[in-house]
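Structure record follows, encoded as structure tokens.
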Amino acid sequence: EDQVTQSPEALRLQEGESSSLNCSYTVSGLRGLFWYRQDPGKGPEFLFTLYSAGEEKEKERLKATLTKKESFLHITAPKPEDSATYLCAVQSLPGGTSYGKLTFGQGTILTVHP
Amino acid sequence: DTEVTQTPKHLVMGMTNKKSLKCEQHMGHRAMYWYKQKAKKPPELMFVYSYEKLSINESVPSRFSPECPNSSLLNLHLHALQPEDSALYLCASSQEMGNYGYTFGSGTRLTVV
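Chains as they are written, first to last, in the numbering used here: chain F, 116 to 229; chain Z, 16 to 128.
In structure tokens form, the structure reads like this:
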């Protein structure tokens, strides 16, 4: 069964203080790794999909990278509006018991103070 | 249209009530999902519909009954719920089951009293 572990559980940053969130995963065959942002009481908002080791994607202050065992979400010079819960999820290739499902990690609660 | 629309946004129901949650998408996606999310926890999969057929049921109690009337609509019928069923119920869709990223709706905040 697929497993996803995110760290840290919570991260407090000062505005402008760059940092990284970690997502470690175990999957029989990776179809894709996804990063979502979730604000309180709202549905997850799609950020990135990564498909193979070595792949990187960027969007504004966020950059996601992928290795064979983990993914990082790098946040450069964060602003208070970046405060949210960041969720990592994996999707398996057909044939595995988790096929058809998106398996989420517990999330990292990011707070950026002005 | 790149949205998944869920109604109602908030619902309070008694343990003897019957209510329904609705979800709609017009992106041509052929897979639709119901997730349940408790506070400070990740979303948990409940049901998956692929081409309007129920493909995955994650051993959800029968007091939750899903329905997919057509490729754009997904319903979740609720009956005789318990207070512990209070949660954020999320609908999502994707182009195909198990393929590509999911688009999530904003959710229905359900409170069972």
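Note that the Cβ used here is the ideal one computed from N, Cα and C, for glycine as well.
Residues in its own chain within less than 6 Å of residue 166 of chain Z by CB, not counting five upstream and five downstream? Shown here, chain Z extends from 16 to 128; a query on residue 166 of chain Z therefore has no answer.
Identify each residue in the stretch 31 to 63 of chain Z for which the Cβ-Cβ distance to at least one residue of chain F is less than 7 Å, and report them in chain order. From the stretch 31 to 63 of chain Z, only 57, 58, 60 and 63 have a Cβ closer than 7 Å to chain F.
Closest by C-alpha distance to residue 118 of chain Z, when choosing among F/190, F/119, F/171 and F/162: Comparing alpha-carbon positions, the option among F/190, F/119, F/171 and F/162 lying closest to residue 118 of chain Z turns out to be F/162.
Short CB-CB distance (under 8 Å) between residue 164 of chain F and chain Z: Chain Z contact via Cβ: present.
Contact defined as beta carbons within less than 8 Å: I believe residue 188 of chain F pairs with residue 151 of chain F. What is the distance between those atoms, to the nearest angstrom? Wrong, their Cβ atoms sit about 10 Å apart, outside the cutoff.
How is residue 196 of chain F classed by DSSP in three states: helix, strand or coil? In the structure shown, residue 196 of chain F sits in a helix (DSSP, three-state: H, G or I).
Just to confirm before moving on: does the CB-CB distance between residue 59 of chain Z and residue 50 of chain Z stay below 8 Å? The answer is yes: Cβ separation under 8 Å.
The stretch 194 to 209 of chain F touching the stretch 141 to 149 of chain F, judged by at least three CB pairs closer than 8 Å: Yes, the stretch 194 to 209 of chain F touches the stretch 141 to 149 of chain F.
Amino acids of chain F, ordered along the chain, whose beta-carbon sits closer than 8 Å to that of residue 113 of chain Z: Close to residue 113 of chain Z, with beta-carbon spacing below 8 Å, are these residues of chain F in chain order: 146, 206, 207, 209, 214, 215 and 216.
Using a Cβ cut-off of 8 Å (strictly closer), state whether residue 159 of chain F contacts chain Z. Yes, contact with chain Z.
Does residue 120 of chain Z have its Cβ less than 8 Å from a Cβ in chain F? At least one chain F Cβ lies under 8 Å of residue 120 of chain Z.
Show which residues of chain Z have a CB atom less than 7 Å away from the CB atom of residue 221 of chain F. Ordered by position in chain Z, the residues that pass the 7 Å Cβ test against residue 221 of chain F are 57.
Name the chain F residues whose beta carbon is nearer than 8 Å to that of residue 105 of chain Z? Around residue 105 of chain Z, the beta-carbon contacts reaching into chain F at under 8 Å are 158 and 159.
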